[in-house]
Amino acid sequence: MRRGGGGLQRAALLPALAALVLALPARAEPLRDPTSGLTIIPPPGYDAAAMAPSGAQTARFTLRRPEDQDTGCTLAYVPAPQNALYSQNQINTRTRLPGWQAIERTRLAAIYDVQEQSLFEQRGVTGVQMVADLRPRPGLPARAQAVRSFFAIMETPRGRTTLVCVAEKAGFAARRAEFEAVLRGLAPPG
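Take 77 as the starting number for the sequence shown in the working numbering and just add one per residue.
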């Protein structure tokens, strides 16, 4: 039985293991709004921060990669007391209706050209996601034509959660997987 060499081999591996652990993307901590319960776990490479709510919103977060300037994601929650009359299953059934989906598309179509629309299921909630480009109009900065947006809308008995992510049109396909990862890390107020 040989002794002594294993300790040196293990000691030699420690710096390599430490370097490997440091090279792995850090898992961001969940960010939770204490009032609404809106929670997000950012995907690797994304930073999340609370923002001041705007309008009817009671919670709002931003999720960005360090190099993002005017791209990345915004997550917002708006209470909808009228939803309290319905169970999540009833709301999901309504969300699946073509008429409800058409209303959501129409809301965006006023200022966006909707490229795609589909349903998704997450944490027992049916939502709608859309990909859209801003329509050209007077006064809109030229920069607006260089970006594409990803929208995800979820309704619960407590309210509406909306995720909007923006990326360069040229790199949108690559970023879309990241935006879908942001969506998977989202837990709307139930």
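C-beta atoms are modelled at their ideal positions from N, C-alpha and C, and glycine is treated no differently. Everything numeric in this text was worked out from a predicted model, so none of it was measured.
Check: Backbone secondary structure at A128 - three-state DSSP; Outcome: coil
Check: Sub-7 Å separation of L262 and I116 beta-carbons; Outcome: yes
Check: Buried/exposed call for L114, threshold 16 Cβ in 10 Å; Outcome: buried
Check: N-terminal and C-terminal residue of the beta strand (DSSP E) that Q177 is part of; Outcome: That residue, Q177, is in no beta strand (DSSP E); its alpha helix (DSSP H) goes P174 to A185.
Check: Residue nearest to Y153 in terms of C-alpha spacing, selected from R234, L195 and R172; Outcome: R234
Check: Identity of the residues DSSP links to D146 by a beta bridge; Outcome: Paired residue(s): none; D146 is not in a bridge.
Check: Backbone secondary structure at G121 - three-state DSSP; Outcome: coil
Check: Inter-residue Cα distance where the pair is R141 and Y122; Outcome: 5 Å
Check: Beta-carbon proximity list for P190, same chain, < 6 Å, skipping 5 on both sides; Outcome: Reading off the sequence, residue 190 comes out as Val, not Pro. Answer for V190: R181, L184, M206 and A208, listed in chain order.
Check: Completely contained beta strand (DSSP E) runs for the region 152-240, where each covers 3 or more residues; Outcome: 188-198, 201-210 and 223-231
Check: Buried/exposed call for L151, threshold 16 Cβ in 10 Å; Outcome: buried
Check: DSSP state of R136 mapped onto helix, strand, coil; Outcome: strand
Check: Helix, strand or coil at R108 [DSSP, three-state]; Outcome: strand
Check: Residues near Q177 by beta carbon distance below 8 Å, same chain, minus five either side; Outcome: T171, Q193, L195 and V204
Check: Beta carbon of T118 nearer than 7 Å to that of A126; Outcome: A small fix is needed here, since residue 118 is Pro in this sequence, not Thr. Against a cut-off of 7 Å, the Cβ pair of A126 and P118 comes out as no contact.
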